[in-house]
């Protein structure tokens with residue numbers, strides 16, 4: 001299987017998994033994540049990638065990264081950069097990595113408006129209708145207030 005096809009999705013999933021790791025993991029959390037990352041060496045679809053992964057977890061054991069979320073996120077970030085370096089791809093700075101995933105999982109309102117993902121398109125539709133509703137509500141209240149205050153016809157009434 002071609003890693004250029006499944007690789008980006010796989011990395012995204014792995015990074016998402018590390019970002020879900022608890023800040024203060026329990027023994028059980030550590031055991032589950034350890035088993036997961038050790039087990040990957042047997043299921044990665046590309047034999048060459050599988051061998052590189054085995055070498056990496058041998059040189060940089062996952063057990064050393066399970067004390068905190070930050071350590072685990074950095075462990076995978078470093079692995080991803082090693083793979084990118086071996087393939088002649090651009091190395092991502094840690095700050096850029098953090099910003100990339102923050103924009104995905106905790107975007108600001110302007111970022112939601114600018115984004116083109118299907119979820120954010122629905123957000124835009126809801127935002128537009130909410131703004132239209134609020135403008136209509138304010139206009140209706142304003143019209144009712146002035147009509148009653150001066151007790152005369154305004155506009156089309």
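Numbering (UniProt numbering), first residue to last: 1 to 157.
Beta carbons: idealized from backbone N, C-alpha and C, even for Gly.
Check                                                                                                                                                 : Outcome
Count the C-beta pairs between the segment 45-52 and the segment 97-107 that are closer than 8 Å, then say yes if the count reaches three, no if not. : no
From the DSSP output, in three-state form, read off residue 64 for me.                                                                                : helix
Buried or exposed for residue 122, going by 16 or more other Cβ atoms inside 10 Å?                                                                    : exposed
Express the C-alpha separation of residue 25 and residue 31 in angstroms, rounding to a whole number.                                                 : 10 Å
Suppose you measure from the CA of residue 91 to the CA of residue 35; what does that come to, to the nearest Å?                                      : 28 Å
First and last residue of the alpha helix (DSSP H) that includes residue 35?                                                                          : 27-39
How many Å lie between residue 62 and residue 124 at the Cα?                                                                                          : 41 Å
Report the three-state DSSP secondary structure of residue 46 (helix, strand or coil).                                                                : coil
Roughly how many angstroms separate the alpha carbons of residue 82 and residue 73, rounded to a whole number?                                        : 14 Å
Going by DSSP in three states, residue 87 sits in which element: helix, strand or coil?                                                               : coil
Taking only three categories from DSSP, how would you classify residue 9?                                                                             : helix
Rounded to whole angstroms, what is the Cα-Cα separation between residue 56 and residue 106?                                                          : 31 Å
Counting C-beta neighbours from all protein chains within 10 Å, is the total for residue 18 16 or more, i.e. buried, or is it exposed?                : buried
For residue 70, does the three-state DSSP call read helix, strand or coil?                                                                            : helix
For the alpha helix (DSSP H) containing residue 95, name the first residue and the last one.                                                          : 94-105
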